[in-house]
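Visitor: Position 75 (the sequence shown) corresponds to 75 in the working numbering; numbering is contiguous.
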Amino acid sequence: MRIGTYQLQQQAVSAMLDQQTRLAKTQQQVSTGQRLVTPSDDPAAAAQALDLERMRETLKQYQKNADMARNRLSLEENALTSVEDVVLRLRELAIQGNSGTLTATDRTQIASEARELLRQLVTLANTSDANGEFLFAGYNASTQPFTQAASGTVSYAGDSGSRSLQISATRQVAAGDSGQDVFRAIRNGNGTFVVEAGSGNTGTGVIDPGSVTDPSSWVADTYTLTFLTATTYEVRDSANNLEASGAYSSGGAISFNGIRVSVSGTPAASDSFTIEPSANQDIFTTALNLVTTLEGVTTTSAGTAEFQNNMNRFLSDIDQVQNHLLDFRARVGARLSAIDSQKDINDSTTLTLDQSISQLKDLDYAEAISRLNLQLTGLEAAQQSFVRIQGLSLFNFLR
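1) The beta strand (DSSP E) that contains Gly-246, what's its start and end?
2) Tell me whether Pro-277 sits in a helix, a strand or coil according to DSSP, three-state version.
3) Within this structure, are the beta carbons of Ala-174 and Arg-335 separated by less than 9 Å?
4) Would you decide whether Tyr-139 is buried or exposed? Buried here means 16 or more other CB atoms lie within 10 Å of its CB.
5) How close, in whole Å, do the beta carbons of Leu-121 and Ala-287 come, if the pair is a contact with beta carbons under 8 Å?
6) In the structure shown, what three-state DSSP assignment does Tyr-62 receive?
7) Does DSSP put Arg-331 in a helix, a strand or coil?
8) With burial defined as no fewer than 16 other Cβ atoms inside 10 Å of the residue's Cβ, what is the status of Gly-100: buried or exposed?
9) Which residues in the same chain have their Cβ closer than 7 Å to the Cβ of Ile-445, if we skip the five residues on either side of it in sequence?
10) What alpha helix (DSSP H) runs, 4 residues minimum, are completely inside the region 101-169?
11) Scan the region 188-216 and note each continuous beta strand (DSSP E) run of 3 residues or more that stays entirely inside, going in chain order.
12) Could you pull the start and end residues of the beta strand (DSSP E) that Phe-227 belongs to?
13) Assuming Thr-266 contacts Thr-204 under a Cβ cut-off of 8 Å, what Cβ separation, rounded to an integer in Å, is found between them?
14) What is the DSSP secondary structure of Thr-292, reduced to helix, strand or coil?
15) Among the residues of its own chain, which have a CB less than 7 Å from the CB of Arg-419, if the five just before and after it don't count?
16) By Cβ distance below 7 Å, which residues in the same chain neighbour Gln-166 in space, the five residues on each side in sequence not counted?
17) Give the secondary structure of Thr-286 by DSSP, where H, G and I count as helix, E and B as strand, and everything else as coil.
In structure tokens, the structure reads:
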């Protein structure tokens, strides 16, 4: 078969162009550090790497969510710590104001500090993050949740929602708590029932917060403890059924339906006390009750008993506030720990993905440099051979 000179030249040029293409590919790999410059370099590996990169981007978003949740929960934890400090001071003021040696002026001064502490509570409940979003507004994060009226009462403009953020494929975490849950959904009294002295009492009877002796026997209803005389009493439910009766002795236990209360002092005939199931009472009302109690003391024996009953009620309520805040602090702490744990897992998974992607895409520099040198040498040799062959003709053999 006869092969023409032109055909030989074209074959040589085509071979050199192929070598140059392979050399350019290797040079591009070396300059980028990537084995997969285009998906066509290894379609299967490129597809696998793309899937892994998508997983890595999703993990990055989870980490951003975790950081956001952690920042908000840290702010909430700090705010709750400050609220606890204020509540503790309110309790100290109540104990201080409960002293029988204080004058009305002394109690008024204590009430002024308590009123200022109430304002601090409102400020803390309106805590916002770096973006100006209120922590305790629920879903209405752009709306200030709590507003205090001139009378001291506090209203809530938020809702009961709680924003959750995805921190892994299977895990969400609440990035905060609503003001409804933190500051308003607090049980009053002893948490099961609350006692209240009748507003028309004329004796010196003072009732304690009471306790539950048998939860299975407790029937949630409104009961009225009435003193028929200074030495006898009866307890009736909301349907006027008689639940208990007996002779009264100061400080003695009055028990019925799995609960026990005790009254001290000398009640007057017809004096009464109400015992009803605990209900939600916001922290601001509890604080305001202390202020009004300290400001409203009268010097009569009945007024002193009323003051003592109100102080006992406040101390019972503030104990519930402290327990409630402690519970929320524990919940926030548990969420922060869960976030830290998940972030560690996400970091570990991201590292594994990085390694897998690197194995698929990254260049083996030693192999690539060796291949580059071989390709350079091969191309140079081919070019030199082509030049020499181009210079040959039949006349070279006839000389």
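Beta carbons: idealized from backbone N, C-alpha and C, even for Gly. Since the structure is predicted, the reported quantities are computational estimates derived from the model, not experimental observations.
Guide: The relevant details are as follows:
1) 242-247
2) strand
3) yes
4) exposed
5) Cβ atoms of Leu-121 and Ala-287 come within 8 Å of each other, at about 6 Å.
6) helix
7) helix
8) When all chains shown are included, Gly-100 counts as exposed.
9) Absent from the structure is residue 445, since the part of the chain shown begins at 1 and ends at 399.
10) Look at the region 101-169 and you find these whole runs of alpha helix (DSSP H), each 4 residues long or longer: 104-125.
11) Here the runs fully enclosed are 193-197.
12) 223-227
13) 5 Å
14) helix
15) Within the shown structure, residues of the chain are numbered from 1 to 399, placing residue 419 beyond reach of any answer.
16) Tyr-62, Asn-65 and Gln-172
17) helix
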